[in-house]
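A.B. asks: Taken in order, the sequence shown gives residues 20 to 307; the numbers are from our numbering.
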Amino acid sequence: MNRYDVFIRIVETGSFTQAAAESGYTQSAVSQMIRTLEHELNTTLFLRSKTGAELTPDGREYLPYIQSVSNARRELDVKCQEMQGLERGLIRVGTFTSVSRTWLPRFIKDFKKMYPSVQFILRQGDYTSICQWVAEGSVDFGFTNPDVTSRLTIIPLCTDRMQAVLPPDHYLAGEESISLKTLASLPYILLDEGVELSVPLSAFYRHGLNPNIQYTVVDDYTIMSMVEQGLGVSSLYDLVLEGYHQNIVTKPIYPEVTRTLALVYKNKKVLPIASRYFIDYILDYFKI
C-alpha cells in the first residue's frame, strides 16, 4: 500500500526527491517502490527528467484508480481509529484563505478543548478543486460556494458581501459607496475564484458591464498589497477584510455583490466520527 501513497505524492510534488523527503523514505527506496509498481502493472508510470517527474499516458490512466485505493485504505485506517473512539481522530478539511484565516482557527480551538487529541489537515484550494477533493475522498468535507456543484450535499452557512477596495489616496476614497459601473471603468484586480465561478465577474456581466481587468490574482492579501501600491482597485469579501488593517480603503458596492458560503460533503454517514462531530459543531455554531 505504501507504494500507492508514494505514487500519489510524486504526482503532487512532481519530484521523486521531494516525495521521498515528505514520505520519510530515501530516494532509492521511492524509486524501487515505483519500479515494483510499474512491474506489477506492466507499464511505465513516470517520465523522469532534470526538471522533475511527469506522468506517462498510462500513468494518467492509472491515477484515479490508485487514488481510490489509497483513499479507501485511509478510510479503513480512520474506521479503525473510530472503533477506538474519538481520541485519535483525523479531520481533513478542504478550505480557502478567508475561511482558514477567520473561522477555522476559532472552530479548531474550541473543538480541541473537547477533543484535545483530534488532529486536522487543512487543504487549501478554490471552490471547484475543493468539491473535487470531497467527491474523490481526499478530504472529508469542505467549504465552498454552492453554485459550483449539485452532485454533493450542500448546507448553506451564511452570505458574505463584497466591498470595493481602494488605495487611501484614490479620488473615490471619500465616497460613501462605489457603483459596479464605476468599478468596471477603473483598472481592476480580479480575485481568481476558480475556473467555474467568479462572483464579481458574474455581477459585472449580469449588469452588462465589461470590467477593465489589469491583473488576475489568486491570493486575497496579494490583492490588498497591490491596491495599496496603487496598481488598481478591487473587490474583496467581508470575511477576508475582517480584522485586516492594511493601508487600504473599503467601500460598500451597489448593487450589492454577495456569495453564499456553504459546507459540502458526499455522505455524512460514512465520514469518520471526528469529522461528523466537527460538522455538527459547525452547524450548531451557525444555528443550522
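Here a beta-carbon is modelled for each residue, glycine too, at the ideal position from N, C-alpha and C.
1. Would you report the Cα separation of Pro274 and Asp303, rounded to the nearest angstrom?
2. Nearest-angstrom Cα distance between Val167 and Glu212?
3. Going along the chain, which residues of its own chain have a beta-carbon closer than 8 Å to the beta-carbon of Ile110, five neighbours each way excluded?
4. Can you tell me which of the three DSSP states Ser42 falls into?
5. I think Thr269 touches Ala203, with their Cβ atoms under 8 Å apart; what is that distance to the nearest whole Å?
6. Phe162 lies in the beta strand (DSSP E); which residues open and close that run?
7. From Gln86 to Tyr256, what distance separates their C-alpha atoms?
8. So, under 8 Å CB-CB, Leu64 and Leu74 are touching, yes? Tell me the CB distance rounded to an integer number of Å.
9. Quick one: using the 10 Å Cβ neighbour count with 16 as the cut-off for buried, is Thr312 buried or exposed?
10. Name the one or two DSSP bridge partners that Ala68 has.
11. For Leu260, is the classification buried or exposed, using 16 other Cβ atoms within 10 angstroms of its Cβ as the cut-off for buried?
12. Give the straight-line distance between the Cα atoms of Pro230 and Val276, rounded to the nearest whole angstrom.
13. Count the other C-beta atoms from every protein chain shown that fall within 10 angstroms of the C-beta of Thr36, then say buried if there are 16 or more, exposed otherwise.
14. In chain order, what residues of the same chain have a beta carbon less than 6 Å from the beta carbon of Asp77, not counting five sequence neighbours either side?
15. DSSP three-state label for Asn61, please.
16. Closer than 8 Å, CB to CB, is Arg142 near chain C or not?
17. Let me know the secondary structure DSSP gives Thr178 once reduced to three states.
18. Grouping DSSP H, G and I as helix and E and B as strand, with all else coil, what is Pro271?
19. Given a cut-off of 8 Å on the beta-carbon distance, is the pair Gly161 and Val283 in contact?
C.D. replies: According to the data block:
1. Approximately 32 Å, taken between the alpha carbons.
2. Taking the straight line joining both Cα atoms gives about 11 Å.
3. Contacts found: Val137, Gln138, Phe139, Ile140, Asp159, Pro291, Ala293, Ser294 and Phe297.
4. Helix.
5. The pair is not a contact, with the Cβ atoms about 18 Å apart (cut-off 8 Å).
6. In the DSSP assignment, Phe162 falls within the unbroken beta strand (DSSP E) covering Phe160 to Thr163.
7. In this model, Gln86 and Tyr256 are separated by some 34 Å (Cα to Cα).
8. Taking the Cβ atoms as the reference, Leu64 lies roughly 7 Å from Leu74, within the contact range of under 8 Å.
9. Not covered by the structure: residue 312. The range shown for the chain is 20 to 307.
10. According to the sequence provided, residue 68 is Ser. The question's Ala does not apply to it. Gly71, per the DSSP bridge assignment.
11. That one is buried.
12. Their Cα atoms are separated by approximately 14 Å.
13. With fewer than 16 other Cβ atoms within 10 Å, it is exposed.
14. Excluding positions up to five away in sequence, the list reads Thr62.
15. In the structure shown, Asn61 adopts coil according to DSSP, grouped into three states.
16. Looking at the structure shown, chain C is missing, and only one protein chain is on hand.
17. Note: Thr178 maps to strand in three-state DSSP.
18. If DSSP states are grouped into helix, strand and coil, Pro271 belongs with the strands.
19. The answer is yes: Cβ separation under 8 Å.
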